[in-house]
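Colleague:
Numbering (our numbering), first residue to last: 6 to 532.
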């Protein structure tokens, strides 16, 4: 396919490859899960079903991505550790963390009813993710740090919850616990509430590990109906008091082989030292940030879910609806453009969203988009079940000027036209009897005019009369569209409220930006 004059914008993309032999750890955390747990009435201090849902998601992630060797999680966080020889996604940090957090989120929403059959999911949950790059010795310190955090937080929350249950206010309970040590909290629980902390479920005290071990599994039945068993590597959940201990680690040869061995036990946990291995990049200040997300293996996803070819209107409207939800959730996003299974979100130039940390921005937007996609699926496909969790990957790119950000968006719209015209011709040829390889051969080297003539002469289709959403994609932004009544100093006053809208228009031409100067904070030109 032909390149456009806007292709130069790709030069602003920066690769974030993690070099071997470093280990890659992806840690995900629930975004504002304190509020999420309150809204959904999770039990305090621990909700066993909520923790088991997190564990079930971690198992699904481990089974989906074989390069993940070991996972550890508690509460609303999980860490996924890739084998040291992994070449997953060419070891690009942003791609890996966005895909893991997206798939985890997708499974979380998909499995919600399995664990909470009586509770409706009231809004889209989301997670953010970070990458930690380290060697085996730092991995040991990292795991010791996370498990120690699990213990400290759980012990504190258990004490806090019991104090509140016996009549203390939350602030009074916090004051009682202020400055207390581990032993003092244990004594408080035992003396005041008869609770032996060490007898509480290890699920809460120790957190959960997920890794694959060889188990006998039935693979088929022979002609006599007897089961045929084979050894298979299967993910399982394990609870251990010291996951960073030499004894635990070296008991599992698969962990030693794929991640390295632990020579000594960790004596002292240095959290600040471990944090220094966070793979973090802050995006350049005063530049336009674009977060582009793409459906992962959506060619297969569209086939499994029988999307209409070359365009499925409902699938596109679902993507648009998710983009609207993203703009409504994150006020720093000022514009987005989408086509097919991709969407680009533009953040305002001065944004300090997540202190411009690339990993947080990418992961939160990808996660929220994924969550919304799954939740809204039945709204757009009421007669189709979601056969497996969809996922998206994302990346962040900075552009230094409004002219270049417009060229970026123009590039995506030109791509929309090129791909849609080709796909329209391709699928019309296939539906008329050509094989897929014959259709590709027929279209090889053809230009825009030739494709238009093919559609007219062979199929009676005027390409320019096809639905504009297919030809030009979708633009989502805020417009002053709603009047609301508000009271100021006791008197009613009419106000304009910004509303997120979806339009299908030419964003390549300067006329669009002239009509909407507030999007990029450009003053209208006076002639």
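For every residue, glycine included, the Cβ atom is placed at its ideal position computed from N, Cα and C.
Remember, it's a predicted structure, so these values are computed and weren't measured experimentally.
Whole angstroms is fine: what's the gap from residue 15's alpha carbon to residue 9's?
Modeller: Taking the straight line from one Cα to the other gives about 12 angstroms.
Colleague: Could you tell me whether the Cβ atoms of residue 224 and residue 233 are closer together than 8 angstroms?
Modeller: Against a cut-off of 8 angstroms, the Cβ pair of residue 233 and residue 224 comes out as a contact.
Colleague: Which one of 299, 229, 141 has the shortest CA to CA distance from residue 251?
Modeller: The residue with the shortest Cα to Cα distance from residue 251 is 141.
Colleague: Go through its chain and collect everything with a Cβ distance to residue 314's Cβ below 6 angstroms, but skip five positions before and after it.
Modeller: The answer, listed in chain order, is 432.
Colleague: When the distance is taken between beta carbons, is residue 109 closer than 8 angstroms to residue 62?
Modeller: It is a contact, given that the beta carbons lie within the stated cut-off.
Colleague: Who are the near neighbours of residue 531 in its chain, counting only those whose CB is closer than 8 angstroms to its CB and skipping five residues on each side?
Modeller: Low confidence applies here, because residue 531 scores a pLDDT of 41, under 50, leaving its location unreliable; read the following figure in that light. Same-chain partners within the cutoff: there are none.
Colleague: Under 8 angstroms: do the stretch 89–109 and the stretch 152–166 share three or more Cβ pairs, one atom per stretch?
Modeller: No, the stretch 89–109 is not in contact with the stretch 152–166.
Colleague: Whole angstroms is fine: what's the gap from residue 510's alpha carbon to residue 392's?
Modeller: Answer to the nearest angstrom: the Cα atoms are 34 angstroms apart.
Colleague: Quick one: what's got a C-beta closer than 7 angstroms to residue 151's C-beta in the same chain, skipping five residues either side?
Modeller: Cβ within range, chain order: 77, 84.
Colleague: Go ahead and label residue 215 buried or exposed: buried means 16 or more other beta carbons lie within 10 angstroms of its beta carbon, across all protein chains shown.
Modeller: Flag for residue 215 reads buried.
Colleague: Short check: CB of residue 91 to CB of residue 217, under 8 angstroms?
Modeller: No, the Cβ-Cβ distance between residue 91 and residue 217 is not below 8 angstroms.
Colleague: Specify the secondary structure class of residue 35 as computed by DSSP and reduced to three states.
Modeller: The answer is strand: DSSP assigns residue 35 an E or B state.
Colleague: Return the bridge partner residues of residue 368 from the DSSP annotation.
Modeller: Answer is none; residue 368 lacks a bridge partner.
Colleague: Leaving out five residues before and five after residue 529 in sequence, what residues of the same chain have Cβ atoms less than 6 angstroms from its Cβ?
Modeller: At residue 529 the pLDDT is 48, less than 50, meaning the model places this residue with poor confidence and gives no usable figure here.
Colleague: With a threshold of 16 other CB atoms inside 10 Å of the CB of residue 118, please say whether the residue is buried or exposed.
Modeller: Burial call: exposed.
Colleague: For residue 171, which three-state DSSP category applies?
Modeller: It is coil, neither helix nor strand.
Colleague: In the DSSP output, what is residue 300 paired with across the bridge?
Modeller: DSSP, once it has assigned bridges, lists 397 as partnering residue 300.
Colleague: Check whether the stretch 47–60 touches the stretch 271–289, taking contact to mean three or more Cβ pairs, one atom from each stretch, closer than 8 angstroms.
Modeller: Counting Cβ pairs under 8 angstroms, fewer than three are found: no touch.
Colleague: Tell me the DSSP bridge mates of residue 414?
Modeller: Note: residue 414 sits in no beta bridge, so no partner.
Colleague: Just list the residues that DSSP pairs residue 443 with in beta bridges.
Modeller: None; residue 443 has no bridge partner.
Colleague: Is residue 298 near residue 136, with beta carbons less than 8 angstroms apart?
Modeller: No.
Colleague: Per DSSP, what kind of secondary structure is residue 347 in: helix, strand or coil?
Modeller: Correct three-state label for residue 347: strand.
Colleague: Mark residue 164 as exposed unless 16 or more other C-beta atoms lie within 10 angstroms of its C-beta, in which case mark it buried.
Modeller: Buried is the call here.
Colleague: In chain order, what residues of the same chain lie with their CB nearer than 7 angstroms to the CB of residue 388, ignoring the 5 residues before and after it?
Modeller: Same-chain partners within the cutoff: there are none.
Colleague: By the DSSP assignment, the beta strand (DSSP E) with residue 19 in it spans what residues?
Modeller: Counting along the chain, residue 19 falls outside any beta strand (DSSP E), and DSSP gives it neither H nor E.
Colleague: Could you give the distance in angstroms between the alpha-carbon of residue 112 and the alpha-carbon of residue 412?
Modeller: Going from the Cα of residue 112 to the Cα of residue 412 covers about 36 angstroms.
Colleague: Run through the DSSP bridge pairs and tell me what residue 294 is partnered with.
Modeller: Answer by DSSP bridge pairing, in chain order: 352, 403.
Colleague: Give the DSSP-derived three-state secondary structure of residue 253 in the structure shown.
Modeller: Helix at residue 253.
Colleague: Could you check if residue 272 is buried or exposed, using at least 16 other CB atoms within 10 Å of its CB as the buried criterion?
Modeller: Exposed, because fewer than 16 other Cβ atoms sit within 10 Å of the Cβ of residue 272.
Colleague: Considering only the alpha carbon of each residue, which of 369, 294, 325 lies closest to residue 402?
Modeller: Out of 369, 294, 325, 294 has the C-alpha closest to the C-alpha of residue 402.
Colleague: What are the partner residues of residue 480, as DSSP defines its beta bridges?
Modeller: Answer is 342, 508.
Colleague: Where residue 304 and residue 467 are concerned, what is the direct C-alpha to C-alpha distance, given to the nearest angstrom?
Modeller: Rounded to whole angstroms, residue 304 to residue 467 spans 26 angstroms at the Cα level.
Colleague: Mind the definition here: the stretch 413–429 touches the stretch 464–484 only if three or more C-beta pairs lie below 8 angstroms; say whether that holds.
Modeller: In short, these stretches touch, since the Cβ pair count reaches three.
Colleague: On a CA-only basis, which of 385, 329, 378, 400 is nearest residue 362? Give me that one, please.
Modeller: Considering only alpha carbons, the answer is 400.
Colleague: Given a cut-off of 8 angstroms, decide if residue 249 and residue 145 are closer than it, judged by their beta-carbon atoms.
Modeller: Cβ atoms of residue 145 and residue 249: closer than 8 angstroms.
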